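One structure is given below, encoded as structure tokens.
4 protein chains.
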Amino acid sequence: MKRITVGVVGAGRIGKLHINNIKNMPHVRLKTVSDIYAEGLKDWFMTSGAEKLTEDYRELVNDPEIDAVFICTSTDTHVEIILEAANAGKHIFCEKPISFSEEETLKAYEAVQKAGIKFQVGFNRRYDRNFYKVKQLVEEKIIGDLHVLKITSRDPNPPSLDYVSRSGGIFMDMTIHDFDMARYISGSEVEEVYAQGATLIDPKIGELGDVDTAIITLKFANGAMGVIDNSRQAVYGYDQRLEAFGSKGSAQVNNETESRVDLLSKNGVTGDNPLYFFLERYNDAFIREVEEFLDAIMYNKEIRTTFKDGIMAQRIAQAAKESLESRRPASVEILD
Amino acid sequence: MKRITVGVVGAGRIGKLHINNIKNMPHVRLKTVSDIYAEGLKDWFMTSGAEKLTEDYRELVNDPEIDAVFICTSTDTHVEIILEAANAGKHIFCEKPISFSEEETLKAYEAVQKAGIKFQVGFNRRYDRNFYKVKQLVEEKIIGDLHVLKITSRDPNPPSLDYVSRSGGIFMDMTIHDFDMARYISGSEVEEVYAQGATLIDPKIGELGDVDTAIITLKFANGAMGVIDNSRQAVYGYDQRLEAFGSKGSAQVNNETESRVDLLSKNGVTGDNPLYFFLERYNDAFIREVEEFLDAIMYNKEIRTTFKDGIMAQRIAQAAKESLESRRPASVEILD
Amino acid sequence: MKRITVGVVGAGRIGKLHINNIKNMPHVRLKTVSDIYAEGLKDWFMTSGAEKLTEDYRELVNDPEIDAVFICTSTDTHVEIILEAANAGKHIFCEKPISFSEEETLKAYEAVQKAGIKFQVGFNRRYDRNFYKVKQLVEEKIIGDLHVLKITSRDPNPPSLDYVSRSGGIFMDMTIHDFDMARYISGSEVEEVYAQGATLIDPKIGELGDVDTAIITLKFANGAMGVIDNSRQAVYGYDQRLEAFGSKGSAQVNNETESRVDLLSKNGVTGDNPLYFFLERYNDAFIREVEEFLDAIMYNKEIRTTFKDGIMAQRIAQAAKESLESRRPASVEILD
Amino acid sequence: MKRITVGVVGAGRIGKLHINNIKNMPHVRLKTVSDIYAEGLKDWFMTSGAEKLTEDYRELVNDPEIDAVFICTSTDTHVEIILEAANAGKHIFCEKPISFSEEETLKAYEAVQKAGIKFQVGFNRRYDRNFYKVKQLVEEKIIGDLHVLKITSRDPNPPSLDYVSRSGGIFMDMTIHDFDMARYISGSEVEEVYAQGATLIDPKIGELGDVDTAIITLKFANGAMGVIDNSRQAVYGYDQRLEAFGSKGSAQVNNETESRVDLLSKNGVTGDNPLYFFLERYNDAFIREVEEFLDAIMYNKEIRTTFKDGIMAQRIAQAAKESLESRRPASVEILD
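Protein chains in written order, with the working numbering: chain L, 1 to 336; chain F, 337 to 672; chain W, 673 to 1008; chain Z, 1009 to 1344.
Right, dumping it as structure tokens:
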């Protein structure tokens, strides 16, 4: 029976999440975790399931025992680590976005292609059972030809201003997931974007040059249209819905809830809000994306969320930003 | 084009409801309304659409111009009026229950049969589009063979104690609708009843020898089973649900609501309560039952809710009462 | 008690609908109906409840007994009739859009203002209980400040190509209702529109220079944003949904259905489709809009859907058309 | 940090389920599994996470390293194993029902009490988040005083006839979970039961002296009433619903589904069926019940589903059987 040895670079929120999932997976040895703040992680490390904790990711990248590397550091460090890991022949799982620079991203892409390794980008939502079901309904033409794809994606709370300032903007940080979902569900490239945005939640987000509320319309290469609406703050929870409308019908993803309990009282019929936290909402998807990545390595299977997917979502985000600034639709160059 | 002339005996809540519906119907002449309290109804009469108001129902029953009579008086007067109207050859629409006495009821039944007139009993719920749809799903065997029929029937508020004392008890007053629905949906007679009841809402209802909360189980002649749960007070509205469970599936009637609006807030996802008032909930059904009655007269069609239906529901109610007292199941004699 | 005498110009589908509703209303005398095809309407007229049928609307407009005129003819005749009726001092109910020409519309507007009559434009959806409830939730700030307004509006079937060719285009014919709803719910003017459209249902619609599928984004004067998605064909019914998302929550209108019955079978849990036909879906709203119009005349109340509302919806439709052609956002001039 | 060593007696479906859950739990050492068919389990054992496989449960019961024993064998062996394990001072988790004999059960109860060990009975549904939420709503009087408790519990498929013949009958095998749930949610003992049953699915079940469809009404000591409806076959899935109706409102548990996707097509609006398999439906509950058991041992906490709970559910099942035979309500003796 095959076994795989992995290392994780970056033990922040998302890194810890993956580590926690990996440690329960059969056939995986979680050898090394690196983090520049390793010093402060010693207590956590005791129960992490990992064998080794280090400050230097190179230790991990250059370890001949390690087959695959999870890159969970801040975006600005991704490319450097990808380059080293690819050169060392490690398979790579990298969180999104790959970088804030198209040029840098393409450099990493080239290195990965040359190395012939497996590379997966962390678009976890593709692995959610609901979105996956709609993907199938579209692919199998149960809804006929896709005409309109609608995505509602709202966070329960805005991130810290510090985070906002380093995030690359709402399109690169938040909508990038929706751009990827749009490409995934439609099975088509996005050719043109028109973005409208405003700062309706916190003026300080505006002072940082970002928006907190946005509506983005899309033109797909296959003729269909799309629309995404984003908000940094839905007080009732993490609102994640999608509708794929076509010539034979419509498939709609509603929100997941903590329970299926309705309370009938003088105040009406009250059910649960959407799950509040993204880790909870996409818990199963986070597990499945790692399982698929490891499976793809062990059995030489196709990766579902490829480097190209990462690049294209990034380009759409970039075009959205341009559109917001120019107040015109912006076109998206499609990677061959 | 045919035309029909009607009179209404009794202008209480339900009488006024029918009058209000009748006056908007084409091909109907609403000639006379009688009520023992006619004196107090003069203002209302002005806008009632009726031509004549009298204290004496005999005026109406003996009017050769009148084709059909609606009996909307208190239950204890039904039989007397039915006998006179039948003898006068009038078609009769009579509110439920026909009487509190099996003997009296059968006397009226005989007279009606002898007179060869159309007779409809006011089980309005059969004319509700939801219950009617389930009736069809059962009849067409879409749910396969019926195994279990479940009815939830809860009032928003208990009636006045005065009303309770004259009501004939919860089974005769309230559950009688559910007993009729059970026979209607199942297409089968009820052979046996077991009733369990308690006074959980208002002890004064118990002092009057009645219960305010009940669960009644039924055995149908066709082998299926049923269960009804009643409450005199659902604080959230008039709760009217039904489930027909069978070998191939289940058909479920959910509550009607004022709007289709959901409000998402920190307090959860809140929708409308069930419609609060029976006149509102069954508004369409009240109209349709009268339309069908008039139609049956004009075009000599079958009546959907017959005198026999009235008698059988009454017998089941009587058996339920016996069961509650004897704490044993009680059998129901089926009218040939 | 006050009474009002009305005439209806145009007895096509929508004219007949209003006539049918008017004839059941108390305090209204439906005197005259005019239609250029009066000859073919003689049979229908017999049961219409109207007293007189004529080919010439002038007969009606100049009848001193008539207080109010319903203009239900084709759009290109509206202005002429408005001018004559306003000059004759008749109150006017006019179907939307008022005209296809801004100049013509303003001419009519001026005449109406000068005449000091009541004028209502037929935006029936404002009178729907669901949308009205959301209007209230927004106005009372139950959802806080409005951030994003979303409208889904899809017809069950495309109109005939003949109709399309005379319709003024999808924005003027179909989306105009949604533009009005956007202004109504938000309580704010629309300043800018960006429209994206395609011919995905029937290429012949494209040959006529129109689109059959569209996404339109809006900027409101109060800072909020909006998005409307339209389709000429939703095979599952007339899809009419709306969401008002704000700082304290979200109010969502779901579709109305024929029944509340769910069928559970091997094929899943299946409920009713949205009501298929607009007359059925907005039946109550069509009645209420006329009631309010008559009420406004009899008791000198405010009109809910004013001439200005008609002009502004028309201007937004015009801007949407410009945007679609120029592939740029278009601004909307606000009427003082 | 505390650690606990466990053994599992019986590696059938439910035993394997617990083993699979236990092996992923921290702080637990899964030492020994015994099964009389150990020979055939060798392959499975390789990946079971257990250290040792044996045919003889005594090996496990007498192992001084083992702290707690899971009894997952057939019901007729429970008491013997409980007695030995209790005498050996092991904590015990025992699947339901404890035995088919009241006398035997009480013998085991006495031994457990004398031994002063922790004993948990496998009523997994108490650990389901939905039912637990309703339990809280009832306990905190959010629904006011409980008036009526309704449980719908339907299997997707009847078990094999062989299983039926050894099951102790539907009430002891299937409804026993619902009886426990009734006691749990109400917080009250059941004093009286009336059971009605029929063989509507498979006549062969009737030939074995059992029924496949049942309605059972309950009287609680606190005055409330209950009703359970059971079927051995709901073709649309594992139907697990509950409603707690009280003086201030009603709390309702709806079914769990695989996805939140609705498909709108010409055939209506179709959502997922209830989850089909009990292991899937109660997956989380099975994990939580074991976690709580282990926690109760490690930190000397209260057990949520006690031996008494097992005895009382069994007594209600016994009374239901008596009621079905005598066609009278049967009373339930409450254990002090």
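The C-beta atom is built at its ideal place from N, Cα and C for all residues, glycine as well.
This structure is a prediction, so every number in the text was calculated from the model and none was measured.
With DSSP as the reference, identify every bridge partner of H91/L, one or two as the case may be. If you number the first sequence from 1, residue 91/L lands on position 91. Paired residues: A68/L.
Could you tell me which chain Z residues have their CB closer than 8 Å to the CB of A447/F, listed as they occur along the chain? Your numbering for residue 447/F matches position 111 in the second sequence. The contacting residues do not exist; A447/F stays about 38 Å from chain Z at best.
How would you label H18/L, buried or exposed, when you count the other beta carbons within 10 angstroms and need 16 or more for buried? Indexing the first sequence from 1 puts residue 18/L at position 18. Only buried fits H18/L, as 16 or more other CB atoms lie within 10 angstroms of its CB.
Report the rounded CA-to-CA distance for R166/L versus A86/L, giving the unit in angstroms. Position 166 of the first sequence, counting from 1, holds the residue named residue 166/L. Position 86 of the first sequence, counting from 1, holds the residue named residue 86/L. Take the alpha-carbon of R166/L and the one of A86/L: they are about 26 Å apart.
Check distances from the C-beta atoms of the segment 608-629 of chain F to those of chain L and list, in chain order, the residues that come in under 7 Å. D608 and N609
Check the Cβ of G268/L against every Cβ in chain Z and list those closer than 7 Å, keeping chain order. If you number the first sequence from 1, residue 268/L lands on position 268. None at all; the shortest Cβ gap to chain Z is about 10 Å.
So, for E1005/W: in the same chain, excluding its five sequence neighbours on each side, which residues have a beta-carbon less than 7 Å away from its beta-carbon? For the purposes of this step, residue 1005/W is taken as the residue at position 333 of the third sequence. The answer, listed in chain order, is R987.
For N130/L versus V253/L, is the C-beta spacing smaller than 8 Å? Along the first sequence, one-based indexing puts residue 130/L at 130. Along the first sequence, one-based indexing puts residue 253/L at 253. Closer than 8 Å, so yes.
Alpha carbons only, please: which of D1270/Z, G1214/Z and Y1135/Z is nearest the one belonging to S259/L? Here residue 259/L refers to the residue found at position 259 of the first sequence. Here the closest residue by C-alpha is Y1135/Z.
Is the Cβ-Cβ distance between I1125/Z and I1100/Z less than 8 Å? Counted from its first residue, the fourth sequence places residue 1125/Z at position 117. Counted from its first residue, the fourth sequence places residue 1100/Z at position 92. A contact, by the Cβ cut-off of 8 Å.
What are the residues of the segment 471-501 of chain F that lie near chain W, defined by any Cβ-Cβ distance shorter than 8 Å? L473, I478 and I479
The alpha helix (DSSP H) that contains T978/W, what's its start and end? Indexing the third sequence from 1 puts residue 978/W at position 306. No alpha helix (DSSP H) holds T978/W; DSSP gives it neither H nor E.
Answer with yes or no whether the minimum CB distance from P665/F to chain Z is below 8 Å. By one-based count along the second sequence, residue 665/F stands at place 329. Yes, contact with chain Z.
So, does the segment 844-851 of chain W touch the segment 214-228 of chain L, judging by three or more C-beta pairs under 8 Å? no
Could you tell me the boundaries of the beta strand (DSSP E) in which E1416/Z lies? What is shown of chain Z runs 1009 to 1344, which leaves residue 1416/Z out entirely.
Have a look at F643/F, K644/F and F629/F and flag the residue whose alpha-carbon is nearest the alpha-carbon of K637/F. Position 301 of the second sequence holds residue 637/F. Looking at the Cα atoms, F629/F is the closest of the given residues.
Are T342/L and N267/L close, meaning C-beta to C-beta below 8 Å? Since the first residue shown for chain L is 1 and the last is 336, residue 342/L is missing from the structure and cannot be characterised.
From V1298/Z, L1091/Z, T1160/Z and G1257/Z, pick the residue whose C-alpha is nearest to that of I1150/Z; which is it? As a working note, residue 1150/Z is residue 142 in the fourth sequence. Ranking the options by Cα distance to I1150/Z, first place goes to G1257/Z.
Three-way DSSP call (helix, strand, coil) for D269/L in this model: For the purposes of this step, residue 269/L is taken as the residue at position 269 of the first sequence. The sequence shown places Val at residue 269/L, not Asp. Strand, per DSSP.
Hey, does L366/F have any beta-carbon neighbour from chain W nearer than 8 Å? For the purposes of this step, residue 366/F is taken as residue 30 along the second sequence, with counting starting at 1. Closer than 8 Å: no.
Below 8 Å, can you find three or more Cβ-Cβ pairs linking the segment 1011-1028 of chain Z to the segment 857-877 of chain W? no
Assuming S34/L and E55/L form a contact by the criterion Cβ under 8 Å, report the distance between their Cβ atoms to the nearest whole angstrom. Numbered from its first residue, the first sequence carries residue 34/L at position 34. Numbered from its first residue, the first sequence carries residue 55/L at position 55. Contact holds; Cβ gap of about 7 Å.
Excluding sequence positions up to five away, which residues of its chain have a Cβ less than 8 Å from the Cβ of W716/W? Here the question's residue 716/W lines up with position 44 in the third sequence. So the list reads A683 and K688, once near-sequence residues are dropped.
D1237/Z versus chain F: which residues are under 7 Å apart at the beta carbon? In the fourth sequence, residue 1237/Z corresponds to position 229, counting from 1. V484, K486 and V563, listed in chain order.
How far does the beta strand (DSSP E) with I1224/Z in it reach, from first residue to last? Here residue 1224/Z refers to the residue found at position 216 of the fourth sequence. I1224/Z -> beta strand (DSSP E) spans T1221 to F1228.
Where E1251/Z falls, given that 16 or more other Cβ within 10 Å makes a residue buried: One-based indexing of the fourth sequence puts residue 1251/Z at position 243. Buried: at least 16 other Cβ atoms inside 10 Å.
Can you say whether N1238/Z is buried or exposed, counting buried as having 16 or more other CB atoms within 10 angstroms of its CB? Translated into the one-based positions of the fourth sequence, residue 1238/Z becomes position 230. Its Cβ being crowded by 16 or more others within 10 Å, N1238/Z is buried.
Excluding the 5 residues preceding and the 5 following G878/W in the sequence, name in chain order all residues of the same chain whose CB lies nearer than 6 Å to its CB. Translated into the one-based positions of the third sequence, residue 878/W becomes position 206. T871, listed in sequence order.
Cβ-based neighbour list, Y948/W, same chain, cut-off 7 Å, excluding 5 preceding and 5 following: For the purposes of this step, residue 948/W is taken as the residue at position 276 of the third sequence. Same-chain partners within the cutoff: P828, G909 and Y910.
Where H849/W falls: helix, strand or coil (DSSP): Within the third sequence, the letter at position 177 stands for residue 849/W. Of the three classes helix, strand and coil, the one that applies to H849/W here is helix, per DSSP.
With a 10 Å radius around its C-beta and 16 neighbouring C-beta atoms as the bar for buried, classify D498/F as buried or exposed. The count along the second sequence starts at 1 and reaches residue 498/F at position 162. Exposure of D498/F is indicated by the presence of fewer than 16 other C-beta atoms within 10 angstroms of its C-beta.
Which ranges would you report for the beta strand (DSSP E) in the segment 680-723 of chain W if only whole runs of at least 3 residues count? 700-706
On the CB-based measure, 16 or more other CB atoms within 10 Å of its CB, does M1320/Z come out buried or exposed? Taking the first residue of the fourth sequence as position 1, residue 1320/Z is located at position 312. Buried, since its Cβ has 16 or more Cβ neighbours within 10 Å.
So who's on the other strand from S231/L, going by DSSP bridges? Locating residue 231/L in the first sequence gives position 231, where the first residue counts as 1. Under the DSSP definition of a beta bridge, S231/L partners with R154/L and T213/L.
Which of helix, strand or coil DSSP assigns to D1153/Z: Here residue 1153/Z refers to the residue found at position 145 when the fourth sequence is read from its first residue. In the structure shown, D1153/Z sits in coil (DSSP, three-state: anything other than H, G, I, E or B).
Just grab the DSSP bridge partners of L274/L for me. The residue labelled residue 274/L in the question sits at position 274 within the first sequence. It should be pointed out that residue 274/L corresponds to Pro in this sequence rather than to Leu. Looking at the DSSP output, P274/L shares a beta bridge with T257/L.
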